[in-house]
Amino acid sequence: MLHAVARPQSDAPTHCVAEQYADMYRRSIEDPDGFWLEQAQRLDWYRVPTRGGEWSWDPVDIKWFADGSLNLCHNAVDRHLEVRGDDTAIIFEPDDPSGDGRTLSYRELHREVVRMANALKAMGVAKGDRVTIYMPMIVEGVTAMLACARIGAVHSVVFGGFSPEALAGRIEDCESRFVVTADEGLRGSKRVPLKANVDAALAEPDHDTPIDGMLVIRHTGADIAMTEGRDHWFHEVASDADCPCEEMAAEDPLFILYTSGSTGKPKGVLHTTGGYGVWTATTFHYVFDYRPGEIYWCTADIGWVTGHSYIVYGPLMNGATSLVFEGVPNYPDHGRFWEVVDRHKVNILYTAPTAIRALMREGDDHVRQRDRSSLRLLGSVGEPINPEAWRWYFDVVGEGRAPIVDTWWQTETGGVMITTLPAAHDMKPGSAGLPFFGIEPQLVDNEGAVLEGEAEGNLCITASWPGQARTVYGDHERFVQTYFTAYKAKYFTGDGCKRDADGYYWITGRVDDVINVSGHRMGTAEVESALVLHPKVAEAAVVGYPHDIKGQGIYCYVTLNAGEEGSDELYAELRNWVRQEIGPIATPDHMQFTDGLPKTRSGKIMRRILRKVAENDYGALGDTSTLADPSLVDRLIDGRRNR
Ligand code: WT7
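Its first residue numbered 1, the sequence shown is counted upward by one per residue in my numbering.
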């Protein structure tokens, strides 16, 4: 067992110390409604809620603050105008360090959001409409989200790294008739043809949702095709006309965000307004212990939930300064993060283990060349952080001065669920720590028996919290099946987890057919579906395996149609094929051509064996006697060795 690292002491004021945590946590569990109705007062409401949680997980029906009404754009922007209108809301740091950076005060952010909202309205967007946002990491990505919230439209942000095919599926699934995009995106000096990708998505043969309007932001100035009557330049339709915030019921939808599961297509996870707002505002306040005037930087993309909750809603509802970074950690060189920290005097840095590992590999010089004395707090999210990377983050990046919060949560949880609080708890490298207010984690074995004390099992949550997703858009049954059926009337996270003697939680990784590649969730079934679409592929099975930088890599077993031969060329072709079908984040790391997949006599693929072979762990293959063709295992191992 690793020893705990004492939280560094600091004289700065803090929102929660150890004794407060214990009291507040107890109250949050004993009187959740009282606790959360009180936390709800962080926000401005048109109608202040008097009702807390009204929920059931059997049948599944979840509501919080149901008699309240509010608007999250008002809370993130308008309400700050009087007190801190001239404070900085957003610092925009462009991909190219010599490019045009921008700083927006809350007043300037308000103007930009109103202009965006008016542009959306001019295209006909109305309350309840879904709007797909496919944007680079620029200010307009943030203002598009807030503009939707302002007028009551439901945003569905699709990560700009997804392919036209993946985008088309996400537009189709929520019947979105509006798209906001940019001419191009920039990432590490590479241009991403966003507008052309949207056009390609809409031209997909099976795409039948008509698009009523597309708003295009001029970013790089690239020459792009505009379809008359459908596509509009933002700068031509934007206006400063008055645009009040819509009054939204607490349970009105705020956004849909697609995330991968163990089976089928990505699910449109739906979050609503009041509960998500209270959850992200409260978690941001306590987890990052934010103090007025501090510069906060979350390096995620708005295409993921981390960007939603902790670049946009959480920080802005707290009146914070949120840094929006367009670029990547290794451009123009591996010192980019530290250069940004130094130049903008970043106080709180929130990033992912995969980035930390990649930068750690480049040595300490890049870090040490820059002044990091502004850093007060470090955060980690997306996957378990290995203790070696944790130590480097703590010792080298934070100079042993800045506590680390390792925040465990999911798209479905809306915000942080398990973490230490910076001034309240000692840290253990590799452990996310303790439950946030209102969260009761539970470990169960595969049969559902509850495990007490020090134990390892499947991580469940026993009671609803305000930030919980309410449904899968258009498919409530899938929501029920995915999260509430494995263990009756519990929310099952899909993660394996250990609890130690101090009650600290250690996430061990997914226990389903989901893999975590560079902190991004990837369904193995999605990669398999992409592979079998290729005319030469007969069957495919995809598993995760340990990868030094990415956490997990994508390992593909592929059987080819009769007469086809596995070759380096075909490997490259299939790799590229998957990139085209899903996006670069799904690029296979290894591909093994095989004459068969290990199946039981009833035809079920034995993934356990495929995982072990991919991990190079042949001693622990377990029982292979139920295989239809036991000799296949030796051929798989040979193929692995000869790769
Ligand atoms: C899955 C959720 C939460 C925003 C980013 C990912 C893994 C996330 C941690 C952490 C260990 C973590 C889990 C979880 N995960 N944070 N601090 N320690 N594992 O959101 O795409 O919804 O993925 O990411 O496996 O289930 P997501």
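Think of the CB as a built atom: it goes at the ideal place given N, C-alpha and C, for glycine as much as any other residue.
Treat the numbers as computed from the prediction; the structure is a model and nothing was measured.
Are residue i and residue j touching if we call contact CB-CB under 8 Å?
{"i": "Y134", "j": "L194", "result": "yes"}
{"i": "H219", "j": "I138", "result": "yes"}
{"i": "E354", "j": "E383", "result": "Looking at the sequence itself, residue 354 is Thr, so the reference to Glu does not match. Yes, they are a contact pair."}
{"i": "L120", "j": "V131", "result": "yes"}
{"i": "V154", "j": "F65", "result": "no"}
{"i": "E615", "j": "Y545", "result": "yes"}
{"i": "A147", "j": "A117", "result": "yes"}
{"i": "K498", "j": "E440", "result": "no"}
{"i": "V396", "j": "L375", "result": "no"}
{"i": "L570", "j": "A538", "result": "no"}
{"i": "I418", "j": "P429", "result": "no"}
{"i": "F92", "j": "G438", "result": "no"}
{"i": "R521", "j": "T259", "result": "yes"}
{"i": "V558", "j": "A540", "result": "yes"}
{"i": "F492", "j": "A486", "result": "yes"}
{"i": "G229", "j": "M123", "result": "no"}
{"i": "I295", "j": "L316", "result": "no"}
{"i": "R42", "j": "A281", "result": "yes"}
{"i": "L610", "j": "V543", "result": "yes"}
{"i": "W297", "j": "I348", "result": "yes"}
Could you have a look at residue i and say whether DSSP puts it in helix, strand or coil?
{"i": "G34", "result": "helix"}
{"i": "R487", "result": "Sequence inspection shows Tyr at residue 487; the Arg mentioned does not correspond to that position. The answer is coil: DSSP assigns Y487 none of H, G, I, E or B."}
{"i": "W577", "result": "helix"}
{"i": "Y557", "result": "strand"}
{"i": "I62", "result": "strand"}
{"i": "G544", "result": "strand"}
{"i": "H344", "result": "helix"}
{"i": "I637", "result": "helix"}
{"i": "Q369", "result": "coil"}
{"i": "L632", "result": "helix"}
{"i": "E93", "result": "strand"}
{"i": "V328", "result": "coil"}
{"i": "T508", "result": "strand"}
{"i": "E526", "result": "helix"}
{"i": "F337", "result": "helix"}
{"i": "D406", "result": "strand"}
{"i": "Y46", "result": "coil"}
{"i": "R84", "result": "helix"}
{"i": "I171", "result": "helix"}
{"i": "T273", "result": "helix"}
{"i": "N616", "result": "coil"}
{"i": "D23", "result": "helix"}
{"i": "L349", "result": "strand"}
{"i": "I138", "result": "coil"}
{"i": "H207", "result": "coil"}
Quick one: using the 10 Å Cβ neighbour count with 16 as the cut-off for buried, is residue i buried or exposed?
{"i": "H425", "result": "buried"}
{"i": "A12", "result": "exposed"}
{"i": "Y46", "result": "exposed"}
{"i": "T600", "result": "exposed"}
{"i": "H308", "result": "buried"}
{"i": "A241", "result": "exposed"}
{"i": "S625", "result": "exposed"}
{"i": "D173", "result": "buried"}
{"i": "D61", "result": "exposed"}
{"i": "G467", "result": "buried"}
{"i": "R675", "result": "Nothing about residue 675 can be read from this structure; the chain reaches only from 1 to 643."}
{"i": "T407", "result": "buried"}
{"i": "M1", "result": "Interpretation of M1 is limited by its pLDDT of 49, a score under 50 that renders its predicted location unreliable; no figure is taken from the coordinates."}
{"i": "L72", "result": "buried"}
{"i": "K63", "result": "buried"}
Leaving aside the five residues before and after residue i along the sequence, list all residues of the same chain whose C-beta is less than 7 Å from its C-beta, in chain order.
{"i": "R510", "result": "G494, D495, N516"}
{"i": "S69", "result": "W45, Y46, R47, E247, M248, A249, A250"}
{"i": "G169", "result": "K265"}
{"i": "R51", "result": "F65, A66, D67"}
Below 8 Å on the Cβ atoms is my guess for residue i versus residue j; work out the distance and round it to an integer in Å.
{"i": "L186", "j": "P244", "result": "About 34 Å separates the two Cβ atoms, so there is no contact after all."}
{"i": "H285", "j": "H80", "result": "Contact doesn't hold; Cβ gap of about 15 Å is too wide."}
{"i": "L377", "j": "V405", "result": "7 Å"}
{"i": "V527", "j": "I554", "result": "6 Å"}
{"i": "V160", "j": "V192", "result": "First, the residue type needs correcting, since residue 160 is Gly and not Val in the sequence shown. Indeed they touch by this definition, with Cβ atoms about 6 Å apart."}
{"i": "T462", "j": "K488", "result": "Actually they are not in contact, since the Cβ atoms of T462 and K488 sit about 11 Å apart, beyond 8 Å."}
What does a CB cutoff of less than 6 Å around residue i pick up in its chain, not counting 5 residues either side in sequence?
{"i": "A358", "result": "I549"}
{"i": "M606", "result": "P598"}
{"i": "D364", "result": "V396"}
{"i": "L37", "result": "G52"}
Only counting the same chain, and skipping five residues up and downstream in sequence, which positions put a Cβ closer than 8 Å to that of residue i?
{"i": "V472", "result": "K267, G268, V269, L270, R478, F479, T482"}
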